[in-house]
Every structure is written in structure tokens, then in C-alpha cells.
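Inspection log for the structure reproduced underneath, given as C-alpha cells.
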Amino acid sequence: MGEGRASWLLRTSRARAGLSQAELARRARVPRTVVNAYERGSRQPAADTLALLVAATGSELEARRAPDVDLEHNARILQQVLDLAEHLPSRRRGRLMFPPLHHLVR
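Mapping the sequence shown onto numbering that gives the first Met the number 0, position 77 (from 1) lands on 76, and the numbers just tick up by one.
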């Protein structure tokens, strides 16, 4: 699994606090294997779990609300783009030809 924001945040907070995974797990009252999985990115913590773990490092996690999205405005723009796309010149593409595969099938 790739590194996500949660794994980076948890690893960074723990390192800044000078804590081992075992010490962080003890403070947060979660298994060390769970802390390890979160830090590796093989598991994703829920927002409240991440906040608990970061708090156990002595830091605070601040949640921000995502900006509102105007769905009607976005839908109008999408419709305009699709309308414009219909007026673009098009050309018929030829058929894709593949070599015979009968020699591979038994």
C-alpha cells in the first residue's frame, strides 16, 4: 500500500514526540500492530481514531470542513462542455486487427 496522509501524519507526530510505536500504542490503548499498520498505510484509521492517536503524541488534530460545492453550477458547466464536444469534428476509426491467436489455444 502507498503512503497516505494519515500514515504520514501519524508517523511524523510520533517521531516529533520521540515515541516508539509501542509507547504510542500504550498511551492510545490500541494494539501496537494496529499503529504499525496505520503507519505503513495498510490500514486507514477512522477520523476519530486518528485524532486519538495524534492526541496521544501530545499534538492536536484540527478538522476543517470542506468547501461547499455548487452542484447546479458544476452541472451547467459539464453540460456546456459536453455540448461543445458534440460539435468537434470526428473521424471514423478503423477496426483494430489482432494477430490470430489459434496457436495459443489448445
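A virtual CB, placed ideally from N, CA and C, is assigned to each residue, including glycine.
- Inter-residue Cα distance where the pair is Thr32 and Ala74: When rounded, the distance between both Cα atoms is 45 Å.
- Message: For His59 and Ala24, I'd like the C-alpha separation in whole angstroms.
- Response: It is Glu, not His, that sits at residue 59 in the sequence shown. If I take the Cα positions, the gap works out to 17 Å.
- Item | Alpha-carbon spacing of Ala84 relative to Gln78, whole angstroms | One Cα belongs to Ala84, the other to Gln78, and the distance between them is close to 10 Å.
- Task: Report all residues from its chain with a CB closer than 8 Å to the CB of Gln20; omit the five preceding and five following residues, and keep chain order.
- Result: Arg13, Arg31, Val34, Asn35, Glu38.
- Query: Going straight from the alpha carbon of Ala54 to that of His86, what length do you get?
  - Reply: Near 56 Å, if we compare the C-alpha coordinates of His86 and Ala54.
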